[in-house]
Structures are given as structure tokens and as C-alpha cells.
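Trainee: Using the working numbering, the first residue of the sequence shown is number 155, and each one after it goes up by one.
Where a beta carbon is used, it is the ideal one built from N, C-alpha and C, also for glycine.
All values derive from a computational prediction rather than experimental measurement.
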Amino acid sequence: MLSDTSSSSEENNEEYYLRRPRSFKNLNDPFEMYNDAEFKHRFRFHKNSVMELLHKIGEKIEAPTKRNRALNAKMQIIVALRFYATGGFQMTIGDHVNITKPTVCRIVKRVSTEIAKLKPNYISMPKTRQKRLEVASGFHDIAGLPRVVGAIDCTHIRIISPGGSNAETFRNRKGYFSINVQAVCDAGLKIINIIARWPGSVHDSTIFNDSPLIVEMEQGLYGNCYLLGDSGYACKPFLLTPVLNPGTEAERRYNQAHIKTRNCIERCFGVLKRRFPCLYYGLRNKLSTSLTIIIACCVLHNLALSVNDTVDTLEELPENFEESDIVHHDQGQQNTAIRNALIADLFER
155 MLSDTSSSSE ENNEEYYLRR PRSFKNLNDP FEMYNDAEFK HRFRFHKNSV MELLHKIGEK
215 IEAPTKRNRA LNAKMQIIVA LRFYATGGFQ MTIGDHVNIT KPTVCRIVKR VSTEIAKLKP
275 NYISMPKTRQ KRLEVASGFH DIAGLPRVVG AIDCTHIRII SPGGSNAETF RNRKGYFSIN
335 VQAVCDAGLK IINIIARWPG SVHDSTIFND SPLIVEMEQG LYGNCYLLGD SGYACKPFLL
395 TPVLNPGTEA ERRYNQAHIK TRNCIERCFG VLKRRFPCLY YGLRNKLSTS LTIIIACCVL
455 HNLALSVNDT VDTLEELPEN FEESDIVHHD QGQQNTAIRN ALIADLFER
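1. Among residues of its own chain, excluding the 5 on either side of A297, which ones have a beta-carbon nearer than 6 angstroms to its beta-carbon?
2. With the cut-off set at 9 angstroms, would you say G436 and I311 are in Cβ contact?
3. In chain order, what residues of the same chain lie with their CB nearer than 7 angstroms to the CB of C389, ignoring the 5 residues before and after it?
4. Can you look up Y376 in the DSSP assignment and give me helix, strand or coil?
5. Within its chain, find whatever has a CB closer than 8 angstroms to the CB of I333; leave out the 5 residues flanking it on each side and keep chain order.
6. Grab me the residues of E192's own chain with a C-beta within less than 7 angstroms of its C-beta, minus the 5 sequence neighbours each way, in chain order.
7. Drop a sphere of 10 angstroms on the beta-carbon of G383, count the other beta-carbons inside from all chains shown, and report buried for 16 or more, exposed for fewer.
8. In three-state terms, what does DSSP make of N202?
9. Measure the alpha-carbon distance for F501 versus V397 and round it to whole angstroms.
10. Specify the secondary structure class of H310 as computed by DSSP and reduced to three states.
11. Could you give the distance in angstroms between the alpha-carbon of I277 and the alpha-carbon of C422?
12. Between which two residues does the beta strand (DSSP E) harbouring I448 extend?
13. Ignoring anything shorter than 3 residues, give me the beta strand (DSSP E) runs that lie fully in the segment 236-273, in order along the chain.
14. Indicate whether G329 and L381 have their beta-carbon atoms separated by less than 9 angstroms.
15. Can you check which of these residues, L441, N417, Q336, G342, is closest to I348 by C-alpha distance?
16. Within this structure, are the beta carbons of K201 and L272 separated by less than 9 angstroms?
17. Looking at L457 and L208, is the spacing between their C-beta atoms short of 9 angstroms?
18. Relative to the C-alpha of V425, which residue among C451, Y408, S365 is closest?
19. What residues are listed by DSSP as bridge partners for A217?
20. Between the C-alpha atoms of I269 and K263, what's the straight-line distance to the nearest angstrom?
21. Please list the terminal residues of the continuous beta strand (DSSP E) segment that includes N351.
22. Measure the C-alpha to C-alpha separation of N363 and Q373 and round it to an integer number of angstroms.
23. Across which residues does DSSP place K390 in a beta bridge pair?
This is the structure:
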């Protein structure tokens, strides 16, 4: 009698834990659903640009088998692009092409990782003399400042609290959690240097002073060229900032030229966040994945520039999406000789 009861109980448990039969949904293929303009509006890239990206990372993200109807490389890229283009919840992204939220999560991480690995091919400072001349020429055409090799600034990317004992270091002065991302761009808004790993509470100048870029500038790797930064940085021979309290007409003209030229980096951040609103609305991923996504978006930004895939037709983001208030750095009288000489040579009349 006891054995019969045990046997019955085991059968009931077996039925209780019986796995639900798997069902497969028909996938929606946006390449077939939309024309090129509609596709661009939803995914921020033309179809030809997606094929260019597919050529570069397709083999690395392609599923080894078709078991369980695994998504092909093109569809994985499309899913990741949709995430970058909306910053929406992953369940909503999955509904767009009929896949589950966990699948979206894995795809975004996988695709972002492979795109970020392309960073050395798309993001680099101009190391050769010819490259530096090309970059400096682009900046010179804006307001006449010579030998500018890049415009530098930081922008905050909102994230969820990473948790742990160091979570509060990611809370910036505006009160939300963020990554403080440092970037350098050229006159064509191409990102030529990027650092995306610092908590939001860290000051812009601290990031620069701890970066490999300052070492390269100090070693003269870029000749007599210099960067342009705002007053959040200390003025140095290789990083020129505005004159905080201009007392002469020459200093005022210098500031006007400096602001006009340095505006490239502000525009670069604007274009980046306009193409990839996930960077504006915020990332809800794990911290490590969020850092990878930021780098991946910067690589995609440069890839789009290389194939002339502009963002002119995309909708506007809300007003004042870029931080404009600056914590001024105490510049004192140090390291201003290069700036003073430049003002005397170009702006005194």
C-alpha cells in the first residue's frame, strides 16, 4: 500500500514538473518590412550601413548551428541597433521582432562586445604628421586657431545604481547615477579618443590627468599641437582653455575663437545622443555591459561618418539634454605661456 502511494506521488510530481512544450514564433524581418527611409528612422542606420557592419562582425556573432531557430547575424545586429535607437525596455525590443527578453539581453551584450572590439580600427588619435595636418586644417577653417589636434570634454551617461559599497561614487553632482565619459573629437565630429569607465562623481580634469592621453601629450607625441578644453580643465601647454576674466580685446577675440572651435565636441555629443537615444535616456544594463555599449555606440558613430550615414532626418531629443554648467578650474598663472603667445600673435591688432 505504501509503495502504491509513493508511486502515485512520484507520478504527480513528474507531471507537475513536466516542461511546457516549446513554441516558436515567426520572426519579423525589418529588412523586408520597411523601405530604407523607414528602416533608418527605426534603427538609425541605412540598410547598406548595416550590411557594412555585418561584413565586419557577422562571422563572430553567427550561431554555430540553427538549433532552436537561432537568430542569424543580421537579425542580431538589427536587435542591438533597435536597442541603441530607443533605449527602451528589452521586453519591448523583443516584441518588435518576436523574441524573448532574455534573448534580447544576450544579443545586446554579444553584439556590443564585438562592435567595441573594433575600437582600434575606428577611434584613434592622429599619430602621423599628415593626419595631424589634416585634423588641424579642419579646426583652422572654423575660426583660425592653428595646430588644434582635438576638442576635449566629458558627458554624463545615465545608468541605474550599480549596487555594492561603491555605488554612491556613481552619483554625480546633479543627483543621478552616471558614467562620466571623456571624448576627443576632430572638426568633422569624429571621435578620436574615448574613455568610458569613470563614475559620475569624478571631475573632468581628474579623468584627463589619469588618462594615457595626457602622457602622450606631455611626451610630445603630437608635436606642437594642442587640445581645446573648457574651463573645467587646467590650462597647459598642450591643452588650451578660455581666459576666465578677459581684460583685453585680444583676449575676448581669443575666447570667441576658442568657443566657436571647441563647440565641435558639444555638437559631437549631441549627434551621438541623437543617433543613440539609449545614451540620453539611460542604460539599465549591468555596469560592465553599459560600459561596452557606450564604446560600441562611439564606434558606430564613427562608422556612420565613414559611410556618410547622417542623422539629419532623425527626430529631435528634448531641449537641454547636454550638461552646460561647468565647474571652473583654478588656473592661476601656471602653464599659460603658450596661450598668451597665441593671443599676442593672432588676436592683438
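Mentor: If we stick to the structure as given:
1. As a first step, residue 297 is located in the sequence shown; it is residue number 143 there, counting from the start. The answer, listed in chain order, is A411, K414, T415.
2. As a first step, residue 436 must be located in the sequence shown, where it is residue number 282. As a first step, residue 311 must be located in the sequence shown, where it is residue number 157. Yes; because the gap between Cβ atoms is below 9 angstroms, this pair is in contact.
3. By 1-based counting over the sequence shown, the position of residue 389 is 235. Answer for C389: T395, Q485, N489, T490, R493, listed in chain order.
4. In the sequence shown, the residue the question calls residue 376 occupies position 222. Y376: coil per DSSP, three-state reduction.
5. Counting from one through the sequence shown, the residue named residue 333 turns up at place 179. Here the set comprises H310, I311, I313, F324, A350, R351, W352, P353, G354, S444, L445, I448.
6. In the sequence shown, the residue the question calls residue 192 occupies position 38. Within the same chain, E192 has no close Cβ partners at all.
7. For the purposes of this step, residue 383 is taken as the residue at position 229 of the sequence shown. When all chains shown are included, G383 counts as buried.
8. Position 48 of the sequence shown, counted from the start, is the residue given in the question as residue 202. In the structure shown, N202 sits in a helix (DSSP, three-state: H, G or I).
9. As a working mapping, residue 501 is identified with position 347 in the sequence shown. As a working mapping, residue 397 is identified with position 243 in the sequence shown. Going by the C-alpha atoms only, they are around 13 angstroms apart.
10. For the purposes of this step, residue 310 is taken as the residue at position 156 of the sequence shown. H310 falls in the strand class under three-state DSSP.
11. Counted from its first residue, the sequence shown places residue 277 at position 123. Counted from its first residue, the sequence shown places residue 422 at position 268. The alpha-carbon atoms of I277 and C422 are separated by roughly 14 angstroms.
12. Looking up residue 448 in the sequence shown gives position 294. No beta strand (DSSP E) holds I448; the alpha helix (DSSP H) holding it covers 441-460.
13. none
14. On the sequence shown, position 175 is the one that residue 329 refers to. On the sequence shown, position 227 is the one that residue 381 refers to. The answer is no: Cβ separation not under 9 angstroms.
15. The residue labelled residue 348 in the question sits at position 194 within the sequence shown. Minimum Cα distance to I348 is reached at Q336.
16. Mapped onto the sequence shown, residue 201 falls at position 47. Mapped onto the sequence shown, residue 272 falls at position 118. Their beta carbons are not under 9 angstroms apart, which means K201 does not touch L272 by this criterion.
17. As a first step, residue 208 is located in the sequence shown; it is residue number 54 there, counting from the start. As a first step, residue 457 is located in the sequence shown; it is residue number 303 there, counting from the start. No.
18. Counted from its first residue, the sequence shown places residue 425 at position 271. Considering only alpha carbons, the answer is C451.
19. Along the sequence shown, one-based indexing puts residue 217 at 63. Paired residues: none, contrary to the question.
20. Taking the first residue of the sequence shown as 1, we reach residue 269 at position 115. Taking the first residue of the sequence shown as 1, we reach residue 263 at position 109. In a straight line, the C-alpha of I269 is about 10 angstroms away from that of K263.
21. On the sequence shown, position 197 is the one that residue 351 refers to. Sequence check: residue 351 is Arg here, not Asn. Where R351 is concerned, the enclosing beta strand (DSSP E) stretches over 345-353.
22. In the sequence shown, counting from the first residue as 1, residue 363 sits at position 209. In the sequence shown, counting from the first residue as 1, residue 373 sits at position 219. Taking the straight line joining both Cα atoms gives about 14 angstroms.
23. The residue you call residue 390 lines up with position 236 of the sequence shown. L393, per the DSSP bridge assignment.
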